[in-house]
Amino acid sequence: MVKRSGRASSTPGAGGWALLRAVLAEQKFGLIAGMAVGLAWSAGKVTVPKLTSLAVDRAILGNGSLAFWASLIAVMAFIAGIFTAWRRWFAFRESRLTETKLREQLFAHVLRLHVGYHDHTQTGQLMSRASSDLLQIQGFVVMIPITASNLAMVMAIVVILFVQQPMLALIALAPLPFLNVLATRFSRRIHPAVLAVQQEQAQLATVVEESVSGVRVIKGFGAHEVTANRLRKEADDIRTVSLDAARVRSSFLPALDLLPNLGLLAVLAIGGHRVLNGSMTRGQMLEFMQYIGLLIFPLRNLGMTVAFGQRAAAALLRVNEVLTTAPAVADPKAPVTLPEGGAVGAVRFEHVTFGYSADSPVLREFDLTIPAGASVALVGGTGGGKSTVARLLIRFYDVQSGCIQLDGVDVRDLSLRVLRQEVSVVFEDTFLFHDSVGANIAFARPDAPQADVEAAARLAGAHDFILELPDGYGTVIGERGYSLSGGQRQRIALARAIVANPRVLVLDDATSAVDPSKEHEIREAMRTVMDGRTTIVIAHRPGTIALADTVVLLDDGGVAATGTHEQLLATNERYRVVLAALAADDDVEEAVS
Amino acid sequence: MFAAGAIAEEDKLDRAETGRVLRRSLQFAQPYRRTIWWAIGLVCMSTTCTLAGPVLVKFGLDHGIGSDNARALNIAVAGYVLVVIIAYFVGRGQYLAINRAGEGFLRDLRVTVFDKLQAQSMAYFDRNKAGVLVSRMTADIESMGELIQWGLLQFVGAGLLLVMTLILMTAMSWQLTLMVVLFVAPVLGVASIRFQRQSNAAYLDVRERVGTNLSNLQEGITGVRVIQAYGREAEQERRFVVTNRALYGSHLHSVKVSTWYFGLVEWSGIMSIALIVGVGGFLVHHGSVKFGTVAAFVLLLANLFDPVQQLSQLYNTVQSAAASLHKLYALMDAEPDVAEHPRPVQLPSEGELVAHAVTFAYDGTERPALHDVSLGVKPGERVALVGPTGAGKSTLAKLLSRLYDPTSGYVTYGDVDVRLASLASLRERVVVVPQEGFLFGGTIMDNIRIARPAATDDDVAAALVAIGALERFQEFPEGLDTEVRERGSRLSAGERQLVSLARAALVDPAVLVLDEATSNLDPGTEAVVEQALERLMTGRSVIVVAHRLTTVQRADRIAVIDHARLVEIGTHDELMALGGKYHALASAWARSQPVIDPSAGR
Ligand SMILES: Nc1ncnc2c1ncn2[C@@H]1O[C@H](COP(=O)(O)OP(=O)(O)OP(=O)(O)O)[C@@H](O)[C@H]1O
Ligand SMILES: Nc1ncnc2c1ncn2[C@@H]1O[C@H](COP(=O)(O)OP(=O)(O)OP(=O)(O)O)[C@@H](O)[C@H]1O
Ligand SMILES: [Mg+2]
Ligand SMILES: [Mg+2]
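Residue numbers (this note's numbering), protein chains in the order written: chain A, 1 to 593; chain B, 1001 to 1602.
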């Protein structure tokens, strides 16, 4: 499955190549096969000019058999044709396989990285690791077998030319190393320019994505100008950096195209005089020219390979950086099992201190004990840290000091799977997957029988509206599917948690978008769900708070008061402020009287 | 941004369509026509230079070596040097010219398409998924960028080279040319047509799977918290492997398609040498061609086969760029259904906002979301819209502010039909604060300012003071310059809502349409916000879609919407006395806060 790259390497660069080596080691047979057929191809290809030269001197200008030489060349045509196809096949197959495997490795790893990592990493960044960076690596792997055979061909040609006419060979080949140098320098210069273009494109994409997703806000306030200006700026930036890249290309590419001509020129000038002297045959001259022609592509390719190698190295570095980031929240070495049977689901926060950044704690010395099967309403001001309590309980983050226990076991001693199976949180913002309603509800238990799914939907007050959807439980929802209202989405998320059947259920403002008249029904159903199950309800509405046995007031990072709703209302000033009890009291009375 | 573009039928263009796309693009390229002419001229020159090499070699071989004339040989060499130097500068020029025109074209296209996109009605955004629209502006335009940077030049150059090489060969020896063409044309012709067909299908398949794969990847990353919370990592991974391997399969298929073709091109290239040697040698023996011609043919062959190979490789790029352009033009041709009148009038600065018997159904739904509703809001009056979920309250608010036009009936402001008004004057008079606040990446400050771009930092701070939230945000280490991150994930749910409420406190319209959000705020904070909005509402007309009893009670009149119809309208007391829908609703609301009010009981 996942190979988490535990091999910590001293330099990150080495780590990148080590990653590639490890992947390629699994594909060595394919790569070797690619190189072997590549060699066969170069053998066929290299023979052609030699044969042509012999044909010219012996058959065209001499009196040998034209048919014989022509058919020899034809044989080489078959060899080169077949093996070039095979070389291509192996090269691409292996490189795509590398890309595919690395993508799977990345996805698997990213899924397991701690939430704190995701807080600081944009989706777009991870996406480009798994798409454009991997493409660059793929582009390099393709070059491996191709370059190997090209190299063989270059060496063969150089040897042939030197054996025949050392001086001419030296002069004719002199410009060619420059080709390589130039190609290398070109790619070094073009790389940052290309990166800049990609970056600007990503920024433009963000502007467009937000303008489309936030279109209601933009239209409502008539703020088209703001987004149009942002877009214009990004479009201008793209043009600027693209033209920078074009400038680099314009100064290198024509030179790369023309350099080989210098070799041809040398052959024509020097070789021509030699033919006039009689120290060289015309066939040989044609052969030289053909060989130099043959060298152009392989040499340019070598330069490209170096360039691709550098680019791939940078990409590998970035990919490796993700893969070697160890999840800060991970399974313990020896997970403890939870006690079974009897009353389970006791939760205990002991002197918990936590903040998203070390210097500004959200919770300070937070203590909370919830007996098995009890229910607690967590009440507090906006931004007070209620959702943070829920996130800590399922170890989205680890506490900075203190500890959290589930049934007497420190949550850090439990395997994550067990902990998260036994504690379910319904988050305040609902995320549903692009899948059927039924599959979304059965997310925690994909093999749950339809009866369980429907029972959960009923309890969450979702069954009725689901039946009215075009395909009932089979209706596909999510970003690209049928759009549901906020209240409907919340109810599906609630059903999803009920199906999981956990020991501890945390409802984070889970009915805020549900209609008050419907909320009443859901509340009744919730009593069934909560019966005998430890439940933490984070809520603002008194009606929802009333579901719980006790109320805990979270204030200033700690528990400010505990008691029943009525007790707190009667005794605690801060509680009354948070619930705006004074104002609401009069209004409601006035309203229904 | 990475969502799959809409693929399939629309990607396949017939010839007539392609022609239309091309003509349209020419119009678009008008501002750059001089640069484009330059580019074309330079491409022609550079192709000529490429051909000059072998011609000079032939000249040197035939007139220099063939007739023992060292001078002719030297002339050939000198000519060659000159050609190389010219070719370098021509080559530079053509890159610059083509990119300057191309990037300018793309920049204009981006700006135009985006403006056009923003001018589209809400209904358009309902119809088209966000991912598709984003891919129009990104993937589709970028695929054209690729063509401009690499393809266009090669495409034109390769085509020219092919044609000119053939002409040149014919001039040198029509017999040899005829033979090469008779051999090469049928083989490569048939193969190229087959290859293009197959590779096009394979390419579309790959593109579709890349799209699906990226969507899955993105869903996994954005949904990572839910996946972890339910411990479903392994399951998600397994699913991803399925689509990822399917993509691998399509890649392999597309390689397979191209592999045989490239083998064939290689084979026929060398085969042609064999033919030239065989037949050319025969002709040399007969004295009908010179040896130099045979040599030139062998060297020129590369000019024949390289372009063929390039053209078939480029085919996909060209094809996908044409398809992209086609889709972009379709977007640009979509007339906004809520468009500005050709001769728009300015709305009066004050007036009554009235809906006259409006009926409205969303696209693709049969049942109207609003049926025959008439409602007027006088200057300074406050009307609350109440009713159960899905009754049509938000829909009425959207019609009143012309986010949609009614299917029948009409809306007037100060007795002017809003469809005749300029959109700018309408947005100045009527501002809608939508139900779902959306946070953009950027700072808290930027996010609030979107409501009134001209607002100063102090105005923004004042808006935050009004809703009692300034101190809270100033306490953050970076204060109002705190980056809220994607969708505002740096903030708590309530804090996000405060940011979007501060927007409402920043605007200053004659009519405020406030679609109240169901609240994530604690009642204490909410009470402060309510007071602020209260101040904001005084002195202007307000239509508020209410989800809270307190808001309703402060309204001058209450309109009850139920099942798409306006069923009751009047003051709180009148409606309570009526004992109808409103009475029932108010009681439900009251019951949802039973514990606070001891008299209501439980
Ligand atoms: N991912 C995060 N990174 C940094 N700070 C955060 C993050 N999430 C929340 N915070 C901050 O931590 C504090 C507590 O947030 P939390 O979401 O726990 O509040 P809450 O009590 O749930 O509030 P609400 O009622 O508004 O949902 C807030 O001030 C918030 O700005
Ligand atoms: N963009 C849309 N496309 C299709 N149908 C829609 C769209 N928006 C709303 N509807 C449907 O129109 C009807 C009225 O919706 P509307 O949003 O006006 O309700 P509402 O009264 O504002 O409800 P809520 O109190 O939940 O906000 C509902 O049946 C809803 O499903
Ligand atoms: Mg919260
Ligand atoms: Mg609504």
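Each residue gets a CB set at the ideal place from its N, CA and C atoms; glycine is no exception.
A/Ile522 carries a helical assignment under DSSP once its states are collapsed to helix, strand and coil.
For A/Val376, the enclosing beta strand (DSSP E) stretches over residues Ser375 to Gly380. In the three-state DSSP reduction, B/Thr1412 falls in the strand class (E or B).
Straight through space, the alpha carbons of B/Asp1481 and A/Leu302 are spaced by roughly 49 Å. Approximately 15 Å separates the beta-carbon atoms of A/Gly402 and A/Leu554; this is outside 8 Å, ruling out the contact. Taken atom to atom, the span from the alpha-carbon of B/His1285 to that of A/Ile60 is near 7 Å. Contact of A/Trp89 with chain B is assigned, a C-beta pair being separated by under 7 Å. Exposed is the label assigned to A/His120, since fewer than 16 other Cβ atoms lie within 10 Å of its Cβ. The beta-bridge partner set that DSSP reports for A/Thr47 is empty. Per DSSP, the beta bridge partners of B/Gly1570 are B/Ile1558. By the C-beta density criterion, B/Trp1267 is buried, having at least 16 other C-beta atoms within 10 angstroms.
Under DSSP, A/Glu350 forms a beta bridge with A/Cys403.
Burial state of A/Arg112 is buried, judged by a 10 Å Cβ sphere holding 16 or more other Cβ atoms. At a cut-off of 6 Å, the beta-carbon of B/Leu1491 counts as near ligand 1: some heavy atom of the ligand is closer than that.
Contact check for A/Ile370 against A/Val347 passes: the beta carbons are separated by less than 7 Å. Within the same chain, and ignoring the five residues on either side of B/Asp1446 in sequence, the residues whose Cβ sits closer than 8 Å to its Cβ are Phe1440. Around A/Leu265, the beta-carbon contacts reaching into chain B at under 8 Å are Val1077, Tyr1080, Val1081 and Val1084. If the five residues before and after A/Ala546 are omitted, its C-beta is found closer than 7 Å to the C-beta atoms of His565, all from its own chain and listed in chain order. Residue contact with chain A for B/Ile1543: absent (no Cβ-Cβ distance below 7 Å to any residue of chain A). Within the same chain, Ala1158 come within 6 Å of B/Leu1311 by CB-CB distance, once the 5 residues on both sides are set aside. For A/Glu428, the shortest separation between its Cβ and any heavy atom of ligand 3 lies below 6 Å. Within the stretch 505-571 of chain A, the beta strand (DSSP E) runs of at least 3 residues that lie entirely inside it are, in chain order, 534-538, 550-555 and 558-563. Going by DSSP, A/Ile190 is part of the alpha helix (DSSP H) stretching over Pro175 to Ser213.
Its chain contains Leu1056, Val1057, Phe1059, Gly1060, His1063 and Gly1064 as the residues whose beta carbon lies nearer than 8 Å to that of B/Ala1076, once the 5 sequence neighbours on both sides are disregarded; these appear in chain order. In the three-state reduction of the DSSP assignment, B/Asp1515 falls in the strand class, which pools E and B. Contact with chain A is absent for B/Asp1140, since none of that chain's Cβ atoms lies less than 7 Å from the residue's Cβ.
Interface with chain B (7 Å Cβ-Cβ cutoff): A/Glu209 is included.
Counting along the chain, the unbroken beta strand (DSSP E) around B/Ala1384 starts and ends at Arg1382 to Val1386. Counting the other CB atoms within 10 Å of its CB gives B/Val1190 a total below 16, which places it among the exposed residues.
Considering only A/Ser42, A/Trp17, A/Phe29 and A/Gly81, the residue with the shortest C-alpha distance to A/Ile137 is A/Trp17. Counted as a single uninterrupted DSSP element, the stretch harbouring B/Asp1372 is not any alpha helix (DSSP H) but the beta strand (DSSP E) occupying residues Leu1370 to Val1377. Here B/Phe1240 carries a helix assignment [DSSP, helix/strand/coil]. Counting of Cβ neighbours within 10 angstroms places A/Asp509 among the buried residues, the total reaching 16 or more.
Between the alpha carbons of B/Thr1407 and A/Ala390 lies a gap of roughly 47 Å.
Sequence-ordered contacts of the stretch 318-342 of chain A with chain B are nonexistent [C-beta pairs closer than 7 Å]. Spatial neighbours of B/Met1045 in its own chain (CB-CB distance under 7 Å, excluding positions within 5 residues in sequence) are listed in chain order as Val1090.
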